[in-house]
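Heads up, the thing below is written out as structure tokens.
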């Protein structure tokens, strides 16, 4: 039972934004105080977000902590917030990662630090808002607004080719989203024809749509979400953005922003256009498998640590889209039986949370090295274990998690998705299973070249091990990765009613 | 039926009459002022605008009222547009003052011309007959030609004024020719009677369509829509920045109202004909405007092309031919004016003695020199690009919704894809301000008033973006 009577979701959205505005007003002169403001704001936000989890009712798929206010009567749009089993864990993940980003940038960011923290705080509020929106227009506004702080983060604090990377990032994602806007408008006008104009996502899900309409809407959504995930072949912005972004930017990008694509599929594509999803699931599944296999090979060939992890992200996100769209295949195989169909979606969700933790941790590891040596080239390292033993232990752990070792969170999601694909089709499972080899290959080879072996050069010889700040960040992440890997049941419990509800929803044809 | 209040309807035209009287007074007073006392003219101009606002509010109407035997209309839409225009002109003059003083342009005639142009806009807003429309168009255009050439020592300004004048005269001729053919077929100049007559004659009448085509040419020229856009970049570039600011704001309201009065009220039965013409013009405007803007190095020229593309969007709302479309278009016009005034205001903010500040490169490293005004410019640029949460997004959304609603989803898709192209050149400004180092060490010299109003302008773009209902509901209320 939800016992919280105050608008918790609004607080989660506006508290970080207010903190961000305060940081801008404070400016760089008061940065000593500013850092603490940023840390306290994000820590309090995380604290409040845990209340979401503890007060969450795991017996219902209905939206919880709902808030609704009239916003724009002209468009019948509401400021409507609420969370279910998909949104809540992602919000907690967002609130969990952001304070770590603040801590990681503590003494590293010396260029315009106030604006740096402000951008991350505002970004956090917007991202939480995206997950919490029940109104499609509110969702879209936050979804687009989110690009602005990220654009600034990559552009100001990024690497040498940051301008190219950030403009590419912005235009790519903007291009993907605008077609979604047209289809949202289209559905809005359909609700008007049905009598009650509304941008409520729930109304869109109930809206009867013909197959052709669904196909158009599905393709528009696919453009938006596939770019965000990103799926092959619209993934090319990601390696550029990741490589040039500062550590914090890469972490947020990989841990949270990519999840919005996966979340979008679950919230919009599947329930709003079930028949089109059913018709075109082969397309998404093929693209996902290409991402898993082909991008896996691409990752092996990388010379740059961040690029390698970026490609590994694409491959891992392939599991999310694969798991989400296997549902239809499973129902066809089991002739409409929905009991097994939920497994793919379960896997997709776990994979999203887990990848959020692991990819974030991997980027933090690269950040630790980069802050010391100022190189992302794998060849610039070697034998780090000799000078940084504690760091090496963490890097090996996260490397193992990234390759899906049992007892880490990386295993649970991949295992569920592979299991689901086995039920659907042997060849899906075979191709998806290749990731166990490929993932291990590129990750462990990376770890081997960077961490092990003899000390490569004098830079590595002069390395100092992690300081307390870095230890805190990596330690907390390691606990989360192991915790979720050993005992994923709480996460699965939280999601169960929502997943079952979604499967019920998409088995009912809208035609 | 429309209520006729009185035959003369002095009350309906009270604001225009007041303005005209005030112009005459200022003209007389100005003659007796020495150059050092020129601020009196400026002050009187501002007082006149405030007075106009007072009169308009005082004589505001709830429903449509016609006067002067139907030549003149007062309606809620007109009142709102007039009030908005006063505000725009006042803000434009506030922004311009320092520049004018610095460049020896701070003369009484400038303010007189601006007020006469305003009168032209007001006459167009209230036009009830084609003749009144034309009167307003000429009143506005002639003032603008003179304003462009106001800096008489500038060869570029003279050249662009000449271009503007010649092309403007041709387009006015086209408009008048169109009107005369409409009159020949329909037998009336009055817009409401024209609407009835068109239905009687039949919307497919070849004479009407012939006349309509010339009218569309005239409207498209006044808007600066492709293929009648050639004057826009040259005039925007060549005119002194305060004049560019002026041309980029209030006259857009006039163009909008010209289209609404003539097309939506007078020729509403011919919607099918003008819809197809406007579709072509709108698409061409969005393509040419956005693509060519990318190649510009001068900010005024870039904003000129950006204006052309925005005109395409404004036309999208009008061509929908529905009340929602007109509302969307009005909302778009008003938000565009707010953003345009702000963007040109930024150029005036950067300018100083011997430095125009109108090159895109001049914005390099602004975030270092003035973090706050970099934020203001960033908000303006994102808003102009149509990125939420700024008000420009809602304008685009309203227009797109209107277009999709009449079954032109493909047109909406084309429009949004072109807005991605547009995002590129707005992002470039932000890139220069934030990601590049400053190329000089000058700091902003502008005075307190300009800073305060410009800051408010920037904040308005964000505030209206978060609470767009303020303006949207207004547009919905006055266009029932």
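Protein chains in written order, with the working numbering: chain C, 5 to 515; chain H, 2 to 481. Beta carbons are placed, not taken as given, at the ideal position from N, Cα and C, and that holds for glycine.
- Here the alpha carbons of residue 306 of chain H and residue 291 of chain C stand approximately 40 Å from one another.
- At least one beta carbon of chain H lies nearer than 9 Å to the beta carbon of residue 170 of chain C.
- Contact of residue 424 of chain H with chain C is assigned, a C-beta pair being separated by under 9 Å.
- Around residue 308 of chain C, the same chain offers 247, 380, 381 and 382 as residues with beta carbons nearer than 8 Å, after the five sequence neighbours per side are excluded.
- Beta-bridge pairing by DSSP links residue 353 of chain H to H/356.
- Following the DSSP letters along the chain, one finds residue 224 of chain C inside the alpha helix (DSSP H) bounded by residues 215-232.
- Pairing residue 253 of chain H with residue 84 of chain H, the inter-Cα distance amounts to about 14 Å.
- Near chain H, meaning a CB-to-CB distance below 9 Å, the residues of the stretch 143-170 of chain C are 144, 145, 146, 147, 148, 149, 151, 152, 155, 156, 159, 160, 162, 166, 167 and 170.
- Assignment of residue 333 of chain H by DSSP, reduced to helix, strand and coil, places it in the helix class.
- At the C-beta level, residue 202 of chain H and residue 192 of chain H stay beyond 9 Å of one another.
- Distances from the alpha-carbon of residue 98 of chain C to those of C/257, C/204, C/149 and C/203 put C/257 closest.
- For residue 60 of chain H, no alpha helix (DSSP H) run applies, since DSSP gives it neither H nor E.
- Residue pairing by DSSP puts residue 73 of chain H in a beta bridge opposite H/68 and H/128.
- Chain-order list of chain C residues neighbouring residue 469 of chain H: 76 and 78, by C-beta distance under 8 Å.
- Non-local C-beta neighbours of residue 117 of chain H in its own chain, meaning closer than 7 Å and more than five positions away in sequence, comprise 24, 140 and 144, ordered along the chain.
- Per the coordinates, the alpha-carbon of residue 150 of chain H lies some 5 Å from the alpha-carbon of residue 162 of chain H.
- With its beta carbon less than 9 Å from one in chain H, residue 182 of chain C belongs to the interface.
- For residue 167 of chain C, the enclosing alpha helix (DSSP H) begins and ends at 166-197.
- In terms of beta-carbon proximity, residue 508 of chain C stays away from the interface with chain H, with every pair separated by 9 Å or more.
- When DSSP reads this structure, residue 81 of chain C sits in a beta bridge with C/76.
- Pairwise C-beta distances place the stretch 345-353 of chain C out of contact with the stretch 295-305 of chain C, as fewer than three of them are shorter than 8 Å.
- For residue 31 of chain H, the enclosing alpha helix (DSSP H) covers residues 15-32.
- A direct Cα-to-Cα measurement between residue 352 of chain H and residue 243 of chain H gives close to 11 Å.
- Rounded to whole angstroms, the Cβ separation of residue 205 of chain C and residue 331 of chain C is 19 Å, and the two are not in contact under 8 Å.
- The beta carbon of residue 327 of chain H sits no closer than 9 Å to any beta carbon of chain C.
- Residues 94, 356 and 360 of the same chain have their beta carbon placed closer than 7 Å to that of residue 263 of chain C, with the five preceding and five following residues left out of the count.
- Put simply, the backbone Cα of residue 54 of chain C is about 32 Å away from that of residue 188 of chain C.
- Per the coordinates, the alpha-carbon of residue 289 of chain C lies some 10 Å from the alpha-carbon of residue 436 of chain C.
- Between residue 80 of chain H and the set H/422, H/417 and H/13, the nearest pair of CA atoms involves H/13.
- For residue 445 of chain H, no alpha helix (DSSP H) run applies, since DSSP gives it neither H nor E.
- Cβ proximity to chain H below 9 Å picks out nothing from the stretch 231-246 of chain C.
- Put simply, the backbone Cα of residue 494 of chain C is about 37 Å away from that of residue 118 of chain C.
- Under the three-state reduction of DSSP, residue 370 of chain C is assigned to helix.
- One alpha carbon belongs to residue 72 of chain H, the other to residue 128 of chain H, and they sit about 6 Å apart.
- In this structure, DSSP gives residue 438 of chain H a state outside helix and strand, which the three-state scheme calls coil.
- As for any beta strand (DSSP E) of minimum length 3 sitting wholly inside the stretch 218-269 of chain H, there is none.
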